[in-house]
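Peer 1:
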Amino acid sequence: MSSKTADIPDPTQVEGAIHPRDTLHLMGQTRAEADFLDAFTSGRMHHGWMLTGPRGVGKATLAWRIARFLLTQPTDDGGLFGAPPPPTNLETDPEHPVCRRIHAGSEPGVFLLKRGLNATETALSQDIRVDEVRKLKSFLHLSAAEGGRRVVIVDSADEMNTQAANALLKLLEEPPPRVTFLLISHQPAGLLPTIRSRCRELRLATLAPEDMAAALAAAGEAVEADTAALAALSGGSVGEAIRLLNLDGLATYEKLVALFGSLPRLDRVRALALADSITGKQNEPRYDLMLGLIELFLARLARAGVAGPPPLEGAAGEAQVIARLSPDGYAAMKWAALHQTLGARARHGKGVNLDPAALVMDMVLEITAAAA
């Protein structure tokens, strides 16, 4: 890798986390794994699979588990000794040559379709372009002579531009033999209907707190934080939980809950300190997180007015604060409308480079007015 591209992040890896190809165990997705295994063992394998669900719940990890599984399964009937017994899970031996090559990024039977570099090779492209799909076509052509199974992982299909999507569609319409396509999609409704129709869906669920703790441990995260709060604020997404941990998101949300807990009386000193904490170029990730957490708090307020306080608290005392601020359906509608308004304002403010502290204070003052 040249020094020019050494600092460009991998678009398929959450910063600070183990790459999905190196995460050997998947937590909380036994149903999706069982559905794939049933199709494999019953001889009803589809050539195209779409792995769907919220961000960070293990879709890429499952894709790489399936790739390891498929490429380590025998492709013949066992000869004189008969066929081996059907597999009962997707586990593979990490010392198998295929698994070792996948870990090293040198397995010739796998192609990862992802965003490439931009025209100047100084940053990642904003989308997956048709040039990347042409590389896939070359891979399929060159690897065909070797025989055996091949796996194509698209991470993520949502990032393909129109030309790339149409080029991939042609491959799905006339799939090469022994090739399995695994398309990772966070928002499948945005994909071409023709692509969706040519794939079988495996939907992954959000993670419960106990699965969250196990998944974070498998991803190399030493977690001492409240995993129930992490599950609540991350929406059961391991990727989002890792972001919360890396950016001290639980502490930030606790400060927000404490600030809003005194409404309609606003502690201006505390509010200004919170707003000032996300200023400066170095705090841009925390700025994004702050805006997201404010929107999340409003969303939880809106839901609580209809369904009651959330079952999992994102911070100590949150349920009591939410119950007081959103006791009924009328309050729910008020908070839902504000959630939409402030969400749009946040996106506009970021788009025009509004001062972060000013934008956050504006949102806090709007919430304070609505609580009066």
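Position in the sequence shown counted from 1, then plus 95, gives you the working numbering.
In this text, a Cβ means the ideal position worked out from N, Cα and C, and glycines have one as well.
Helix, strand or coil: how does DSSP classify M122 here?
Peer 2: Sequence index remark: in the sequence shown, residue 122 carries index 27 (1-based). Coil, per DSSP.
Peer 1: May I ask you to verify whether the region 322-336 touches the region 151-161, counting CB pairs closer than 8 Å and requiring at least 3?
Peer 2: Yes, since at least three Cβ pairs between the region 322-336 and the region 151-161 fall closer than 8 Å, the two stretches touch.
Peer 1: Relative to the C-alpha of M255, which candidate in L311, M307 and P106 has its C-alpha closest?
Peer 2: On the sequence shown, position 160 is the one that residue 255 refers to. Comparing Cα-Cα distances from M255 to each of L311, M307 and P106, the minimum goes to P106.
Peer 1: DSSP beta-bridge partners for M145?
Peer 2: By 1-based counting over the sequence shown, the position of residue 145 is 50. Its beta-bridge partners are L278 and E296.
Peer 1: Exposed or buried, what is S137 when buried is set at 16 or more other beta-carbons lying within 10 Å of its beta-carbon?
Peer 2: Position 42 of the sequence shown holds residue 137. The residue in question, S137, is exposed, as its Cβ has fewer than 16 Cβ neighbours within 10 Å.
Peer 1: Looking only at its own chain, which residues have a Cβ that is under 7 Å from the Cβ of A155, when we skip the five neighbours before and after it?
Peer 2: Position 60 of the sequence shown, counted from the first residue, corresponds to residue 155. Closer than 7 Å at the Cβ level, and outside the excluded window around A155, lie T107, P115, D250 and I279.
Peer 1: Within the chosen definition, does the region 224-236 reach the region 191-202 through at least 3 CB pairs nearer than 8 Å?
Peer 2: No, the region 224-236 does not touch the region 191-202.
Peer 1: In terms of DSSP beta bridges, what is R245 paired with?
Peer 2: If you number the sequence shown from 1, residue 245 lands on position 150. According to DSSP, R245 bridges with V274.
Peer 1: In whole angstroms, give me the CA-to-CA distance for D306 and L121.
Peer 2: What you label residue 306 is simply residue 211 of the sequence shown in a count that begins at 1. What you label residue 121 is simply residue 26 of the sequence shown in a count that begins at 1. For D306 and L121, the distance between alpha carbons rounds to 9 Å.
Peer 1: According to the Cβ coordinates, are A252 and I197 closer than 8 Å?
Peer 2: Residue 252 sits at position 157 when you count from the first residue of the sequence shown. Residue 197 sits at position 102 when you count from the first residue of the sequence shown. Going by C-beta atoms, A252 is not nearer than 8 Å to I197.
Peer 1: When DSSP builds the beta bridges, which residues end up paired with V205?
Peer 2: For the purposes of this step, residue 205 is taken as residue 110 along the sequence shown, with counting starting at 1. According to DSSP, which records beta bridges pairwise, V205 is partnered with V246.
Peer 1: Spatial neighbours of A427 within its chain, please: CB distance less than 8 Å, with the 5 preceding and 5 following residues excluded, ordered by chain position.
Peer 2: Your numbering for residue 427 matches position 332 in the sequence shown. Excluding positions up to five away in sequence, the list reads L396, A397, R398, A399, G400, V401 and S421.
Peer 1: Classify P288 as buried or exposed, calling it buried when 16 or more other Cβ atoms lie within 10 Å of its own Cβ.
Peer 2: On the sequence shown, residue 288 is found 193 positions in, with the first residue counted as 1. So P288 counts as exposed.
Peer 1: Round the Cβ separation of V416 and F355 to the nearest angstrom and send it over; I've been treating them as touching at under 8 Å.
Peer 2: Counting from one through the sequence shown, the residue named residue 416 turns up at place 321. Counting from one through the sequence shown, the residue named residue 355 turns up at place 260. The pair is a contact, with the Cβ atoms about 6 Å apart (cut-off 8 Å).
Peer 1: Hey, how far is the Cα of R293 from the Cα of L266?
Peer 2: Position 198 of the sequence shown holds residue 293. Position 171 of the sequence shown holds residue 266. Their Cα atoms are separated by approximately 10 Å.
Peer 1: Does the beta-carbon of L212 have 16 or more other beta-carbons within 10 angstroms, so that it is buried, or is it exposed?
Peer 2: If you number the sequence shown from 1, residue 212 lands on position 117. Classification for L212: exposed.
Peer 1: Quick check on DSSP: helix, strand or coil for L212?
Peer 2: For the purposes of this step, residue 212 is taken as the residue at position 117 of the sequence shown. DSSP places L212 in strand when its eight states are reduced to three.
Peer 1: Taking the alpha carbon of P283 as the point to measure from, which residue in I373, M145 and H141 has its own alpha carbon closest?
Peer 2: Sequence index remark: in the sequence shown, residue 283 carries index 188 (1-based). Closest by alpha carbon: M145.
Peer 1: According to DSSP, simplified to helix, strand and coil, what is I373?
Peer 2: Sequence index remark: in the sequence shown, residue 373 carries index 278 (1-based). Three-state DSSP puts I373 in coil, outside helix and strand.
Peer 1: So what does DSSP say about L386, is it helix, strand or coil?
Peer 2: If you number the sequence shown from 1, residue 386 lands on position 291. Helix.
Peer 1: My understanding is that R210 touches I223, with C-beta atoms under 8 Å, so please give their C-beta distance in whole angstroms.
Peer 2: Walking along the sequence shown from the start, residue 210 turns up at place 115. Walking along the sequence shown from the start, residue 223 turns up at place 128. Correct: roughly 5 Å between the Cβ atoms.
Peer 1: Counting only the same chain and skipping the five closest in sequence on each side, list residues whose C-beta sits under 8 Å from that of V193.
Peer 2: Here residue 193 corresponds to residue number 98 of the sequence shown, with the count starting at 1. The residues are R163, L166, T167, T187, E202 and G204.
Peer 1: Just to confirm the assignment, what range does the alpha helix (DSSP H) spanning V455 have?
Peer 2: Position 360 of the sequence shown, counted from the first residue, corresponds to residue 455. Per DSSP, V455 belongs to the alpha helix (DSSP H) from P451 to A466.
Peer 1: Can you tell me which residues form a DSSP beta bridge with M255?
Peer 2: The residue you call residue 255 lines up with position 160 of the sequence shown. Paired residue(s): I223.
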